[in-house]
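Okay, so here's the structure we're looking at.
Protein chains in written order, with the numbering used here: chain A, 9 to 461; chain B, 9 to 461.
This is how it looks when you write it as structure tokens:
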């Protein structure tokens, strides 16, 4: 089944992936004389940088999502196609989705990255990561479920394991999760339980390198560490997880091995390029790096195919300072905009200089009134950084129709210190201490609603 | 494992179920010299009357939920316990949750109702109902997924089946769903698709009786029918579904049998008392009606046990005009408040007259600016009714900390005609025409996030 094309149709651009890269590429082509098909598995764009706020109960999934069809409702040259790309045929210039074939003149691949467990794929189940809405809801279920299980647990040792949270990875996601869980345990939930004292909660942040937030200036990273510790987070640098089994995390610091019992282990460590990298490598012969990212040319195309571009977290662009650009939203956004512009220039018989990433700054949220901002020429901490973080995110959320709501919600949560979105949904309606992380089939309950309470 | 009780502890009230009945009973006991344990399977109270707005993409689950612990955070005599009650021992005065035993002096059972498929339990999978957050998310997935599948479908007949929605049951939920889907198809989504024309959508509302909204005055019910038909809903009264199979709904109107192909069949027809009714019947010998509701005494207690009360949708209270009170939020609320008050009176050695439901009115929302309100002395339709409906719901939402947000969101959606919460999540990231209603294990994807788009 081929998607029908008009005769003498304009240049066909197919974009795979509706994250920041794909979204901004499509937006850049909005008024161009091209037909755009944006393919995504999901019907919405997700503002991933705020996903940790869903996982910790401050925001709802729809607060940080924009339906792709409504984003492109007015762009009559853009078609949104829900589906999963299984293969690419670069000779015939088409992508294959099951039994459907979509032809392209130019292809943009922006399918992002997945978690990497460094070969320990069995950790995935016990230490979930945070990439999708479902990931966030599962994390939320585990975090709030752990407090519920602790409330019911009478064995002090088991109770301690329920009140111990281990976060693996000290990048922005790990830091933001640790900070948010600390505020939850030590502030928000303080009055809510009767049998447990949530201030006994233990939060460990394990970082492989010598400091958290390695992408920002050392003095800011040190300030973030102090802020986290003040919030109550136990920080372990130079630390590698060697085993996760039976609710026991084993980690190594130098030669010292430590074991800690924890029912809630969250993964914020490694990423690897999505499966499309492999598909591209097989079909075009392009090289991938060790993290599965596609090595791209200075114009973000791939070797041998100047009409195939890879952008965002899936791309390894190392033409700026020899190091690959980081997998963050601003990189993906600028890459998408660049490729959209390049396509238009080419159609006009023109060219564009190589891609250049304009680094604006790095930021990370730690907690209320606590953040770090590194703009190179300006370094902020504390309340100022927090306010700046807020402003930057509001600016980015301008792409969403929900921006006002999200801001309103933030303000609301800020004033009330409440977590209204702390529903335990999805897998199990309630948590039983013994089965919390068992292999109960996910969402079994969705088919099993008729229970008696 | 017994929940520890202090010696000389005050009167123990156990409430099973945190819906309107249980919530208001607990609130009524807030300042009383009793200990309250509120048991629920979920960690949140759900404002069920607005669940259809989650199912149709206007609100998020957390907009209409309040975490039980935060509702009772300040009520130091109230303990929230997450769990599922498996049995009741009225002699020993305790409820059993797995291996946990909770003793009570007074027990209030408020576990509500489930769907009833009138013995056709195999319809449950193909025609989901709307009682829980998961139900609403599943409905939302099916509704928005159907438009997506239609967009991809090239066979006109199959496409028509994707664009046909059949709603079974013409009570408030059925009417509200039909109205919301009509607005979605004919207004909100109009510009969003490229291959289909969403105004070709067919929406059928099937009602067994002679009119929709049988609980309100006939003239209002007629007005609602006209409004629905103007919106584009095809209304069939005197109609019973005789079969649902292979995406074909068969219904009977008089002697005439009609078959219609539909990929989205929604159930808003029957309810039956939750499983706790059966548990009560077995342990106390109390009688249930044909819908599984517990027959209660004039003071809402059950025969032979003046310390066990049944309230809300699970109760059959027929002492007012011979007919059981309807299963709506105001009834549950007033019953909960009554029992809370009665318990306090009894502890003071006092009594309270029999329960009397103070019927304020009935309302149903049809669409923007369209509702019907029946206050007995006053009957409203159109915009006035809509505004009234809004005010009443705002008033009720005062129990929630989210009230302002919800109002803000309504206003926002009203102005923008947008459905920001139309995420297709949970079961499958995208919809394939052929597998939409297949037996793919629910939320399989939650464990299978690593796909390549």
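A virtual CB, placed ideally from N, CA and C, is assigned to each residue, including glycine.
Chain B places a beta carbon closer than 9 Å to that of residue 91 of chain A, counting this residue as a contact.
For residue 273 of chain B, no CB of chain A lies under 9 Å from its own CB, so it is not counted at the interface with that chain. Neighbours of residue 51 of chain B across chain A, judged by C-beta separation under 8 Å: 152, 156, 430, 431, 432, 438. Beyond the five residues adjoining it in sequence on each side, residue 174 of chain A comes within less than 6 Å, by CB distance, of 212, 257, 270, 273 in the same chain, given in chain order. The three-state reading of DSSP puts residue 75 of chain B in strand, counting E and B together.
Close partners of residue 200 of chain A in chain B (Cβ separation under 7 Å): 77, 78, 81. Taking a 10 Å sphere around the C-beta of residue 137 of chain B, we find 16 or more other C-beta atoms and assign the residue as buried. In the DSSP assignment, the residues bridged to residue 387 of chain B are B:382.
In this structure residue 350 of chain A is in contact with residue 307 of chain A, their Cβ atoms being roughly 6 Å apart against a cut-off of 8 Å. Runs of the alpha helix (DSSP H) spanning 4 or more residues and lying entirely within the stretch 175-238 of chain B occur at 180-191, in chain order. By the 16-neighbour rule on beta-carbons within 10 angstroms, residue 334 of chain A is exposed. The C-beta of residue 197 of chain A comes closer than 9 Å to at least one C-beta of chain B.
Only 68, 69, 70, 71, 73, 74, 75 from the stretch 64-76 of chain B bring a Cβ to less than 8 Å from some Cβ of chain A. A direct Cα-Cα distance of roughly 24 Å separates residue 389 of chain B from residue 277 of chain B. For residue 87 of chain A, the chain B residues whose C-beta falls within less than 7 Å of its own C-beta are 202, listed in chain order. When C-alpha distances from residue 397 of chain B are compared across B:226, B:432, B:371, the shortest belongs to B:371.
By alpha-carbon distance to residue 23 of chain B, the top candidate from B:365, B:300, B:113, B:217 is B:113.
Within the model, the alpha-carbon separation for residue 59 of chain A versus residue 140 of chain A is close to 8 Å.
Residue contact with chain B for residue 141 of chain A: present (Cβ-Cβ distance below 9 Å to some residue of chain B). Fully contained in the stretch 348-380 of chain B is no alpha helix (DSSP H) run of length 4 or more.
About 6 Å separates the beta carbon of residue 18 of chain B from that of residue 43 of chain B, a gap short enough to meet the 8 Å contact definition. The beta carbon of residue 167 of chain B sits closer than 8 Å to the beta carbons of 158, 161, 204 from its chain, once the five residues preceding and following it are set aside; these are given in chain order. Annotation: residue 129 of chain A to residue 177 of chain A spans about 16 Å, alpha carbon to alpha carbon. Using a Cβ-Cβ distance cut-off of 8 Å, the stretch 108-122 of chain B and the stretch 229-244 of chain A are not in contact, since fewer than three pairs of beta carbons, one from each stretch, lie closer than that value.
Among the CB atoms of chain A, one or more fall inside 9 Å of the CB of residue 160 of chain B. Taking 9 Å as the CB threshold, residue 290 of chain A stays off the interface with chain B.
Relative to the Cα of residue 47 of chain A, the nearest Cα in the group A:311, A:259, A:89 belongs to A:89.
Counting the other CB atoms within 10 Å of its CB gives residue 363 of chain B a total of 16 or more, which places it among the buried residues. In the displayed model, residue 61 of chain A falls within a helix according to three-state DSSP.
Contact between residue 430 of chain B and residue 120 of chain B is absent: CB atoms are separated by about 27 Å, not below the 8 Å threshold. If one requires a minimum length of 3 residues, the beta strand (DSSP E) runs lying completely within the stretch 130-177 of chain A are 172-176, in chain order. Distance from residue 209 of chain A to residue 186 of chain A at the Cβ level is roughly 12 Å; contact not present, criterion being Cβ atoms closer than 8 Å. In this chain, the beta strand (DSSP E) harbouring residue 114 of chain A covers 114-117. Nearest neighbour of residue 326 of chain B by Cα position, chosen from B:347, B:302, B:387, turns out to be B:302. The criterion of a C-beta distance shorter than 9 Å is not satisfied by residue 85 of chain B and residue 280 of chain B. Within the same chain, Cβ atoms closer than 8 Å to the Cβ of residue 328 of chain A are found at 364, 365, the five residues on either side in sequence being excluded.
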